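Residue numbers (the numbering used here): 28 to 765.
We treat Cβ as the ideally placed atom computed from N, Cα and C, and that holds for glycine.
Keep in mind it's a predicted model, so treat the numbers as computed, not measured.
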């Protein structure tokens with residue numbers, strides 16, 4: 028959920044795939060047979076009988092306050108009882124959705140929208156380029172290599188060779204300094220857990236090197252190519268007597284020498300004086316230093332380093348930036364000068380240079396000062412600083428010399444978003460992508476010396492941007508804050524206050540919601556639906572102050588911003604409560620659950636996807652989850668407990684209230700936002716609503732039993748999920764296909 032990728036957000040297509048195995052695998056085959064026999068007519072849809080979920084007498088005491096948790100048993104998500112409940116819920120949801128006439132339309136259109144060539148950003152080392160690629164029909168992206176990224180190249184890694192059903196996906200990859208090898212990771216079943224291997228780029232053969240126990244780590248090669256640095260979790264003995272990697276503990280930095288076993292890897296650095304900080308490694312492009320970024324939350328961090336170049340100099344790890352007074356994102360080194368993007372004394376971001384001989388803050392050199400727009404990202408490429416600014420929720424791109432002089436403004440194709448910029452201080456070029464709401468993502472090449480850009484390859488789509496209107500509006504939130512929102516719809520629509528509309532939000536972890544093309548969203552817009560995207564506080568659109576204004580004790584601001592967006596759409600004759608749905612994933616799932624409790628009368632439907640929904644116990648899942656406390660707060664703290672208790676979606680469901688139609692999306696193998704959040708929330712919402720006389724709105728949960736939270740979803744999984752979602756939302760908001 029932040030710039031370091033420790034959380035992640037679900038945008039129009041980042042799903043992953045997972046497996047419960049065992050009992051659920053057997054029940055899954057039975058379920059398919061049952062589902063095939065259950066096709067209901069629309070007239071039968073309102074008659075719902077929810078699978079029973081027993082209540083338990085579980086009461087926790089937080090700071091003297093008793094809080095009931097009657098579905099605590101669902102946290103044992105691998106138990107036979109929970110798996111049986113999952114199957115029963117999926118049978119019910121599939122029976123309902125299968126009868127919706129729009130499902131077939133959305134499935135067909137989604138598959139067509141995804142059926143196009145897709146190229147990822149190239150990595151470049153030693154004259155070799157590597158990038159992900161999909162012809163359009165493949166379930167998963169492959170990795171291609173070439174001497175020129177404009178060429179088609181050859182397929183080096185195909186995840187289908189590991190599992191033909193599309194449930195193994197390619198994670199990260201990094202070429203060795205001479206380009207002869209690539210370290211790459213695989214995710215099995217959508218899990219955040221990654222397994223690393225090493226492949227020869229010429230022969231396509233894997234070495235015997237296999238590394239496990241990692242989740243969010245990069246790998247960083249030593250410049251002689253003999254091995255790489257990475258971070259991994261410790262092991263402990265489980266109840267089965269076997270050793271298991273434990274993500275409730277901290278990672279440590281290791282060095283893996285090629286040709287040796289992982290057990291022989293040398294521990295380089297571990298943090299022993301703080302219980303929650305995690306170190307992650309990066310070797311500088313000149314090979315002289317190991318940079319260790321120390322992460323603990325999403326507001327501040329530390330940066331340490333170790334010399335690798337001089338055996339006569341102490342190899343001790345030096346704590347360069349250890350005040351925890353802002354964000355410090357390492358950009359690169361020039362000699363003894365380290366360049367950082369920092370928020371210290373600059374909530375909108377600035378670029379500083381820290382000289383190792385005089386590292387005190389009073390000696391820092393401000394290279395690019397804070398401006399009126401937030402810096403979203405920066406890179407040091409070819410002796411230039413490439414800086415992405417966010418201006419009212421769209422990207423601007425500028426180049427600076429290392430002395431801070433402006434070098435060039437890079438002209439973008441429109442008011443959209445950019446991403447990428449891999450490379451080193453000596454590279455003559457870098458690559459980046461551009462997209463907006465109606466323009467599919469395309470890859471561009473940037474000459475950092477001149478600022479010249481050339482198109483490398485467009486991810487072509489059968490989309491005519493001229494058919495659609497994209498406009499940005501600004502509305503006023505409850506406390507008077509001015510908030511931007513983008514609205515996208517077909518030009519032939521008449522805004523009469525009755526148009527089916529989906530309002531999307533996130534509002535957290537410094538994530539800026541920028542214009543981006545999504546096949547999932549486009550299927551809805553093409554069908555005649557309106558899509559609105561609100562840039563709520565908690566995000567990074569206006570820098571760190573905007574982020575902090577939507578965190579911890581200020582979290583209610585995020586919900587107020589989202590509610591105000593809905594009210595603006597209604598007051599300005601875009602839609603009405605009978606035609607308005609809300610949708611969000613991950614942190615956005617928390618948003619949807621909270622707002623649904625606070626203002627249910629505003630909406631016809633809600634889709635909370637893979638949401639953090641039990642705000643009092645979310646930190647129990649892993650050390651990574653505990654780090655979200657920098658945004659959410661923690662129930663360990665009395666004041667933060669009170670704030671969390673006031674909005675926690677699971678704990679604020681209204682008994683006896685007839686909620687709008689709700690489709691909860693969950694992924695059974697989600698080991699980031701664990702699925703029991705959605706299970707407990709669904710059980711509580713169904714129990715509260717099932718006894719309301721005359722209430723005929725469905726409360727359903729759709730659980731992917733072969734999916735997780737992260738990226739890597741197969742095309743089939745994407746089609747199935749979004750076809751079900753849009754058919755459900757279309758029925759609830761009255762969308763008529765035309």
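In this model, residue 736 and residue 384 are separated by some 44 angstroms (Cα to Cα). Residue 357 and residue 302 have their C-alpha atoms roughly 23 angstroms apart. Between the alpha carbons of residue 646 and residue 275 lies a gap of roughly 10 angstroms.
When DSSP states are grouped into helix, strand and coil, residue 425 belongs to the strand group. Distance from the Cα of residue 295 is smallest, within the candidate group 328, 345, 416, for 345. In this structure, 202 is the residue among 708, 202, 284, 571 with its C-alpha nearest to the C-alpha of residue 174. If the five residues before and after residue 583 are omitted, its C-beta is found closer than 7 angstroms to the C-beta atoms of 674, all from its own chain and listed in chain order. Remark: C-beta atoms of residue 460 and residue 137 do not approach each other more closely than 9 angstroms.
9 angstroms or more divides the Cβ of residue 89 from the Cβ of residue 725. If only uninterrupted beta strand (DSSP E) runs of at least 3 residues are considered, those enclosed by the region 681 to 721 are 688 to 694. Taken through DSSP and simplified to helix, strand or coil, residue 604 comes out as helix. Per DSSP, reduced to three states, the secondary structure at residue 373 is coil, with no helix or strand assignment. For residue 600, the number of other beta carbons within 10 angstroms of its own is below 16, and it is reported as exposed. If you draw a 10 Å sphere on the C-beta of residue 164, you find fewer than 16 other C-beta atoms in it, and that means exposed. Beta-bridge annotation (DSSP): residue 414 is paired with 405, 425. In the DSSP assignment, residue 283 falls within the beta strand (DSSP E) that extends over 279 to 284. Residue 216 is a Cβ neighbour of residue 696, given a cutoff of 9 angstroms.
The three-state reading of DSSP puts residue 594 in helix, counting H, G and I together. Selection 226, 144, 728 evaluated against residue 469 yields 144 as nearest (Cα-Cα). DSSP places residue 615 in the uninterrupted alpha helix (DSSP H) bounded by 614 to 625. Taking 9 angstroms as the cut-off, the Cβ atoms of residue 496 and residue 517 count as close. Contact annotation: residue 639 and residue 700 have beta-carbon atoms nearer than 9 angstroms. The three-state secondary structure of residue 325, taken from DSSP, is coil. Our two residues, residue 355 and residue 325, have alpha carbons roughly 11 angstroms apart in a direct line. Rounded to whole angstroms, the Cβ separation of residue 320 and residue 332 is 10 angstroms, and the two are not in contact under 8 angstroms. In terms of Cβ geometry, residue 744 and residue 729 do not form a close pair [threshold 9 angstroms]. A direct Cα-to-Cα measurement between residue 712 and residue 534 gives close to 24 angstroms. Each residue's CA atom was taken as its position, placing residue 251 and residue 312 some 11 angstroms apart. About 19 angstroms separates the beta carbon of residue 127 from that of residue 630, a gap too long to meet the 8 angstroms contact definition.
Residue 434 and residue 478 have their C-alpha atoms some 8 angstroms from each other. DSSP, reduced to helix, strand and coil, places residue 471 within a strand of the structure shown. Using a Cβ-Cβ distance cut-off of 8 angstroms, the region 578 to 596 and the region 541 to 548 are not in contact, since fewer than three pairs of beta carbons, one from each stretch, lie closer than that value.
In this structure, residue 619 lies away from residue 705, with their beta-carbon atoms at least 9 angstroms apart. Restricting attention to beta strand (DSSP E) runs no shorter than 3 residues, the region 258 to 307 encloses them at 262 to 264, 270 to 272, 279 to 284, 293 to 296, ordered along the chain. Looking at 688, 731, 692, 740, the one whose alpha-carbon comes closest to that of residue 717 is 688. Counting C-beta pairs closer than 8 angstroms gives three or more between the region 372 to 381 and the region 393 to 405, which meets the contact rule.
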